[in-house]
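Number of protein chains: 2
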Amino acid sequence: MDKQLNVVPFISVDRMMRLVHSIGVEQFLVELAQYIEEDFLRWNSFDKTPRIASHSVDGVIELMPTSDGRFYGFKYVNGHPKNTRDGLQTVTAFGLLADVATGYPVLLSEMTMLTALRTAAMSAVAGKYLAPKGNSTMALIGNGAQSEFQALAFKALLGVDKLRLYDVDPAASQKCARNLARHGFASIEICSAAAEAVEGAGIITTATADKQYATILSDNMVGPGVHINAVGGDCPGKTEIHSDILLRSDIFVEFPPQTRIEGEIQQLAEDHPVIELWDVIAGHAAGRSSERQITLFDSVGFAIEDFSALRYVYDKTVGAETLEFLDLIADPDDPRDLFGMLMRSPAAMPA
Amino acid sequence: MDKQLNVVPFISVDRMMRLVHSIGVEQFLVELAQYIEEDFLRWNSFDKTPRIASHSVDGVIELMPTSDGRFYGFKYVNGHPKNTRDGLQTVTAFGLLADVATGYPVLLSEMTMLTALRTAAMSAVAGKYLAPKGNSTMALIGNGAQSEFQALAFKALLGVDKLRLYDVDPAASQKCARNLARHGFASIEICSAAAEAVEGAGIITTATADKQYATILSDNMVGPGVHINAVGGDCPGKTEIHSDILLRSDIFVEFPPQTRIEGEIQQLAEDHPVIELWDVIAGHAAGRSSERQITLFDSVGFAIEDFSALRYVYDKTVGAETLEFLDLIADPDDPRDLFGMLMRSPAAMPA
């Protein structure tokens, strides 16, 4: 038995950034996408539950647990749209991976950065099965914290190298374009309207952050054959896509019980047909099946994707010499003698 | 806005033990009990949900969230009875307190030690309202990790100074007696049977750890007027008290929807009457009302008690010079520019 069981490997924000750079952002996204696909392929081996949300006036705090029987993982994540006014992140997150056999944590990790990466990797995995072939242009509507990650994931996994950016705040588009300038895109165009951004794009990614019913895409903007990657609608009352578009689309989702509460499809009837993405990946259902079909990935973010991300980071860091450890788990020599550990610890000595 | 929002104060196991010693174990239990009583008095201001459990062959991993609208707290806790065979703790835990207004964590803390303390403080709070007056003897059946904390909490809050110990393993009783030897008890007696331990005791505390239906207390052991503090039954299939005793007792519980699943009352009909402890503390319901009444606190441990414990530790440590901080929250200068933070961080430099 490892003597180190009382300490928990810790991936700080700095450590996560160093890990991403040591692998390379695009390679990280490609490998993370592989982990997500692996886990979606064994979908039925996971415990699944909609996230456990605690809503307040200003936002929501959620726990997202899942388990494959070997590991247990959960993510803590908040969503507070007004936070940006105070210079805070809208979404912050951290997560934990534990050994199901003992219940002992094996990894505690920041997940603000990791969630941005896994959300983009997930979108690109869906895009692999749903986006039209032979079109390497993506409209990117909403150029906030998630936008660059989406762009790089679609470039790395699908070869999308032409971007058309739009945001209600032009400064956000400029920031996005600047950040992506030296990442090998053939063209990055800043557009002055969403309708302009979608022109000629085979993929339309929406990633806005307003917590209200908004119509980022209206019906006349969406022609046949496109793939819509709807990332921003992710809680009750927050949607981006006009329901008329939804009604013309084949809709693909992660975990229906959660998506019906949080996704674009909260606008539709409760029994509106949707296709589970894992069924597509596993070959049980068709992805894109015709040139004129409109496909829509109603992304809300599911616990299994976070599990895949934690599992990937765990595999990449376990045993690393530079790993930091937290003294998080009380581990008395005699498990029945927690009190003795307290009384005999150096902490009992006067300073 | 505090510049330190990207880092999270961290209470390690060592730090928790130093905190306990700096306050004194008994004083810590007394103050923690006050926090629990305060929170039980405002019971209706909390979001309440039964814990979210992930069961496996060897044990269970649980998340226990709650919120009072100002703070959000949750605990991660496992229960793996076979762990002790491998020199591991049956129960380990950590928890987090966050600011509801922003979703940002304000404290990450070990909770193995803290859970042992809060469980004992909770039992003593219940004992204040339910135990018979004028009897300072407690039988303590099950002398594992929880036993000394129970003994000290009842001594500090109720003046219980005579202990009668019993455990199926005499070594556990010897350990418990040894650990408590210099803590001011008038007498500590090791008994050779549970029936012997309960003789003359006004309070009977059961705190065994077997994950199975067990009968630690059978009907003939329990005479009129005693208070039973049933700590060990805390998950489906795990009980300690014969149902005949339950049927003769007035049963007090924390949160009925959780206790009906996990507590001793899982042996009874779903509508068997129980009294909510918070109603007693708030004066809405009677606690002990007669000398011959058998009272039973069916303790399973509820999220609000962990919240109280985190809130207490937060109040005791906030602003302390020696506080340790974790780099857990990504905090870019521009909240929309998470990618820029990644790309411009020192982590991007070749080592």
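These protein sequence lines are chains A and B, in that order.
All the letters of the first sequence, read from the start, carry residue numbers 1 to 351 under the working numbering.
All the letters of the second sequence, read from the start, carry residue numbers 1001 to 1351 under the working numbering.
Note that beta-carbon positions come from the ideal geometry of N, C-alpha and C, so glycine has one too.
Under 8 Å, do B:Ala1145 and A:Pro256 count as touching if we go by C-beta distance?
-> no
In chain B, which residues lie with their C-beta within 8 Å of the C-beta of A:Gln89?
-> Ile1329, Ala1330, Asp1331, Pro1332, Pro1335 and Leu1338
Please name the residue or residues paired with B:Met1064 in a DSSP beta bridge.
-> B:Lys1075
How would you write the range of the beta strand (DSSP E) that A:Asp418 sits in, first residue to last?
-> With chain A covering only 1 through 351, there is no way to say anything about residue 418 of chain A.
Which residues DSSP lists as bridging A:Tyr166, in chain order = A:Ile141
Assign A:Ala285 to one of three DSSP states: helix, strand, or coil.
-> coil
Apart from the five residues on each side of it in sequence, which residues of its chain come closer than 7 Å, Cβ to Cβ, to A:Val30?
-> Ala156 and Leu157
Alpha-carbon spacing of A:Phe307 relative to B:Val1222, whole angstroms | 49 Å
Since A:Val13 contacts B:Ala1330 with CB under 8 Å, what's their CB separation in whole angstroms?
-> 5 Å
For B:Phe1040, I'd like the list of residues in its chain whose CB is within less than 6 Å of its CB, leaving aside the five on either flank, ordered along the chain.
-> Trp1278 and Ile1281
Where does A:Gly127 fall in DSSP's three states?
-> helix
Please classify B:Met1001: does DSSP put it in a helix, a strand, or coil?
-> Residue placement at B:Met1001 cannot be trusted, given a pLDDT of 37 that sits under 50; what the coordinates show is reported in the next sentence. It is coil, neither helix nor strand.
When you compare each of A:Asp315, A:Glu270, A:Glu37 and A:Met343 to A:Pro9 by their alpha carbons, which one comes out closest?
-> A:Asp315
Go through its chain and collect everything with a Cβ distance to A:Ser123's Cβ below 8 Å, but skip five positions before and after it.
-> Gln150, Ala153, Phe154, Thr205, Asn229, Val231, Phe297 and Ser299
How long is the line joining the alpha carbons of A:Ile275 and A:Arg260, rounded to whole angstroms?
-> 12 Å
Length of the line joining the Cα atoms of A:Tyr104 and A:Leu328 | 10 Å
Can you grab the Cα-Cα spacing for the pair A:Ala194 / A:Thr102, in whole Å?
-> 51 Å
Among the residues of its own chain, which have a CB less than 7 Å from the CB of B:Leu1323, if the five just before and after it don't count?
-> Pro1009 and Thr1317
Please state whether DSSP places B:Asn1229 in a helix, a strand or coil.
-> strand
Which whole-angstrom value is the C-beta distance of B:Phe1071 and B:Pro1065, which I expect to be below 8 Å?
-> That belief does not hold up - the Cβ atoms of B:Phe1071 and B:Pro1065 are roughly 11 Å apart, past 8 Å.
Run the proximity test for A:Gly340: is its beta-carbon closer than 7 Å to any non-hydrogen atom belonging to the ligand MG?
-> By its list of ligands, the structure shown contains no ligand whatsoever, and the ligand MG lies outside what it can speak to.
Please report the Cβ distance between A:Ser109 and A:Met16, rounded to the nearest whole angstrom; I am assuming they are in contact, meaning their Cβ atoms lie under 8 Å.
-> 7 Å
Check whether the Cβ of B:Ala1098 lies closer than 8 Å to any Cβ atom in chain A.
-> yes
Per DSSP, the bridge partner or partners of B:Thr1206 = B:Ile1141 and B:Ala1230
Cβ distance (whole Å) where A:Asp219 is taken to contact A:Asp250 below 8 Å | So it is not a contact: roughly 16 Å between Cβ atoms.
So, using beta-carbon positions, are A:Leu353 and A:Arg118 closer together than 8 Å?
-> Past the boundaries of the shown model lies residue 353 of chain A; chain A is included only from 1 to 351, so the question cannot be answered.
Close Cβ partners of B:Val1025 (< 7 Å) along its chain, the five nearest in sequence each way excluded | Leu1152
Closest by CA to A:Val168, which one among A:Phe252, A:Glu189 and A:Gly142?
-> A:Gly142
When the Cα atoms are used, what is the spatial distance from B:Ala1139 to B:Pro1332?
-> 57 Å
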